[in-house]
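Q: Residue numbers (our numbering): -14 to 313.
Mind looking over this structure? Questions follow.
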Ligand code: KG4
Ligand code: ZN
């Protein structure tokens, strides 16, 4: 089965072809991040205009790189949410038009499900039941799965998402955009003493909270004897990683998971990858770096494992779409 996936929920215009849910035949991503660096963040209107400009060449390139004609595509899928509505609409409309024109089923996909399914594109396949920590710019979700597309939300951030915290702290430290990789680079270069920042453990809950940490960073930056920004970057990263690793492994243990998965843009963070690898006693899955941040191969992969999807062209963009309702 060959799935053409399209992703345009934020500031990446992406298209990919995945074969049988496992093999990436092509994975094309046109990133707008240098464009948004000028404004220090995404201007939604600018992002959607860029998607309009890039969507057709990116889809064409995905087919070219896969060496396939449209006739070889079995399903067309696209992200329907969550994301920026103007951005989502571009990829979704393009995918619907292609599905209609090629007379193929259309599958609207949840972006977060896509992130989770990036873990099915590696050498080994995850086994159920499992716990997946999804850490992106908009979400910090602990998801339990007992089967394909059976998502139970067992924990989430009560305020900022982990990636959002990285982005805000990068701005406070003057490290530029996008913030996550900038904080990681700054922290990597620091060899001096590391200042202490708080950790929000929220005892008795599987939820996360990062807004207090962000405030503590802001206070530290403004103090008269403020440590160098690289030292603060490292302290911040350690605090985030400590909580993410510990609470994920605790949940895996409590819920009897057979393996642990990481997903989302923050899963590209080297420190999180290393600490999780060191501490996890269960089989651990982390997508390849390029499959952590937004891409369309993950959307195609998630589609390949979706059984009874509604292939109606009526599916609309849903900026606030949840993966699932919360379960405790
Ligand atoms: O999954 P993603 O590409 O887009 C969303 O769905 O939000 O995640 C983007 C987020 C941004 O907040 C970015 O700063 C963060 O992932 N990120 C990182 C790293 N690379 C990307 N955070 C920490 N370290 C990184 N290396
Ligand atoms: Zn994402």
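By construction, the Cβ of each residue, glycine as well, lies at the ideal position given by its N, Cα and C atoms.
Check residue 129 in the structure and name its three-state DSSP category.
A: Strand at residue 129.
Q: Using a 10 Å radius around the Cβ and a threshold of 16 neighbouring Cβ atoms, would you call residue 56 buried or exposed?
A: exposed
Q: Residues in the same chain with beta-carbon distance under 8 Å from residue 74, minus the five sequence neighbours each way, listed in chain order, please.
A: 33, 302
Q: Is it right to say residue 191 is buried, meaning 16 or more other beta carbons lie within 10 angstroms of its own, or is it exposed?
A: buried
Q: Whole angstroms is fine: what's the gap from residue 134's alpha carbon to residue -14's?
A: 18 Å
Q: Between the Cα of residue -11 and the Cα atoms of 131, 45, 162, which residue gives the shortest distance?
A: 45
Q: According to the neighbour-count rule (16 or more other Cβ atoms, all chains shown, within 10 Å of its Cβ), is residue 111 buried or exposed?
A: buried
Q: Would residue 275 and residue 99 qualify as a contact pair, given that the criterion is a beta-carbon distance under 7 Å?
A: no
Q: Report the rounded CA-to-CA distance for residue 219 versus residue 103, giving the unit in angstroms.
A: When rounded, the distance between both Cα atoms is 28 Å.
Q: Count the CB pairs spanning the stretch 143 to 163 and the stretch 104 to 123 that are closer than 8 Å, and state whether there are at least three.
A: yes
Q: Do residue 76 and residue 63 have their C-beta atoms closer together than 7 Å?
A: yes
Q: DSSP on residue 261, reduced to helix/strand/coil?
A: helix
Q: Residues in the same chain with beta-carbon distance under 8 Å from residue 305, minus the five sequence neighbours each way, listed in chain order, please.
A: 66, 67
Q: Is residue 203 closer than 7 Å to residue 157 when the C-beta atoms are compared?
A: yes
Q: If I follow the unbroken beta strand (DSSP E) through residue 16, where does it start and stop?
A: Residue 16 -> beta strand (DSSP E) spans 8 to 16.
Q: Any contact between the stretch 186 to 201 and the stretch 283 to 297? By contact I mean 3 or more CB pairs, one from each, below 8 Å.
A: In short, these stretches do not touch, since the Cβ pair count stays below three.
Q: Could you check whether residue 115 and residue 130 sit closer than 7 Å to each other, using their CB atoms as the reference points?
A: Yes, Cβ-Cβ distance for residue 130 and residue 115 is below 7 Å.
Q: So the candidates are 296, 249, 47, 7; which of them puts its Cα closest to the Cα of residue -1?
A: Ranking the options by Cα distance to residue -1, first place goes to 47.
Q: Within its chain, find whatever has a CB closer than 6 Å to the CB of residue 101; leave out the 5 residues flanking it on each side and keep chain order.
A: Same-chain partners within the cutoff: 117, 248.
Q: Determine the contact status of residue -3 and residue 210, defining contact as a CB-CB distance below 7 Å.
A: no
Q: Compute the beta-carbon to beta-carbon distance between residue 267 and residue 261, rounded to the nearest angstrom, for a pair I have assumed lies under 8 Å.
A: Not confirmed; about 11 Å, so no contact.
Q: Does any heavy atom of the ligand ZN sit closer than 6 Å to the C-beta of residue 142?
A: no
Q: Could you check if residue 121 belongs to the surroundings of the ligand ZN, using beta carbon to heavy atom distance under 6 Å?
A: yes
Q: Count the other CB atoms, across all protein chains shown, that sit within 10 Å of the CB of residue 126; report buried if there are 16 or more and exposed otherwise.
A: buried
Q: Going straight from the alpha carbon of residue 138 to that of residue 108, what length do you get?
A: 26 Å
Q: With a threshold of 6 Å on Cβ separation, who are the neighbours of residue 294 within its own chain once the five nearest residues in sequence on each side are excluded?
A: 92
Q: Using only the heavy atoms of the ligand SAH, determine whether one of them is closer than 6 Å to the beta carbon of residue 136.
A: By its list of ligands, the structure shown excludes the ligand SAH, since it contains just the ligand KG4 and the ligand ZN.
Q: Between the Cα of residue 1 and the Cα atoms of 11, -5, -6, which residue gives the shortest distance?
A: 11
Q: Is it the case that the Cβ atoms of residue 184 and residue 230 are separated by a distance below 7 Å?
A: no
Q: Answer yes if the stretch 157 to 168 comes into contact with the stretch 17 to 24, meaning at least three C-beta pairs across the two stretches below 8 Å, and no otherwise.
A: yes
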